[in-house]
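Here the structure is laid out as structure tokens; the discussion comes afterwards.
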Amino acid sequence: MPNAETKTLLALRRDAAKGKIFSHIRQDWFVKFPEELVRQRFVCTLVNDYGFSLDQMGEELKVQRGREAAEADIVIWRTAKDKADEKAPLIITECKSDNAAITARDYGQGESYARIADAPFFVTHNNRETKFWRVKKDRMPGYTEEITDIPRAAELRQTIAAEVETLILGAGGEMSGKALPKSHQNACCQSSR
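Here the sequence shown stands for residues 886 to 1078, numbered as in this note's numbering.
Below, the structure is given as structure tokens:
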């Protein structure tokens, strides 16, 4: 799937002579550490396969865990506006280098970051293993629920469009009853007739 912004595939950019890799999100070159390479490959996957735009993603988002600060590797918001408005993100991604196995401790770290940022999903990823998780806010921390995938950008756009449709005002400036519960529809809509 091509990048929604440019209709071309996003590709890794490396400078082998300097041992650096380019971050499309941060628009800067970084030392090509193993984890950085994994992170930048996954950014390309998120853009090319999932349809997210670079302007709705962030890298190394600072999250406070007790007294220590930590950084979430990749953060995805529902929209670029949500990111600009500093709303809660949708997905937190925790990347690990390929030479390290992803462990239960890493799942816990991803869940912790997602809970702190109020994100409903998190991903643990390296090029050997990718797992997708849903944060269950009605369960205690430490409870993780593995899911088959995360939402794709097109699904989010459809959901947002459907939500907006329910809020559109009808002819004459009256609320279209779709957004109101039945009890409110009867009380509100009957009085205006």
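In this text, a Cβ means the ideal position worked out from N, Cα and C, and glycines have one as well.
All figures in this text were calculated on a predicted structure; none of them were measured in a lab.
Environment of residue i [buried if 16+ CB atoms lie within 10 Å]
i	result
residue 958	buried
residue 898	exposed
residue 944	buried
residue 935	buried
residue 1009	buried
residue 904	exposed
residue 991	buried
residue 942	buried
residue 1032	exposed
residue 894	exposed
Residue from the options whose Cα sits closest to the Cα of residue i
i	options	result
residue 900	918, 910, 973	918
residue 973	955, 906, 1002, 995	1002
residue 998	909, 948, 908	948
residue 980	1039, 993, 894	993
residue 977	970, 996, 1011	996
residue 1000	1013, 1021, 1015, 1011	1021
residue 910	983, 965, 1024	965
residue 971	955, 1007, 946, 907	946
Counting beta carbon pairs with one atom in the region 918 to 930 and one in the region 986 to 993, are three or more of them shorter than 8 Å? They do not touch, by the three-pair rule.
Could you tell me which uninterrupted alpha helix (DSSP H) segments, each at least 4 residues in length, are contained entirely in the region 910 to 973, listed from first to last along the chain? Within the region 910 to 973, complete alpha helix (DSSP H) segments of at least 4 residues are found at 919 to 933, 965 to 969, given in chain order.
Along the chain, which unbroken stretches of the beta strand (DSSP E) at least 3 residues long are found entirely within the region 969 to 1039? Entirely contained in the region 969 to 1039, the beta strand (DSSP E) runs reaching 3 residues are, in chain order, 976 to 980, 1006 to 1010, 1015 to 1019, 1030 to 1032.
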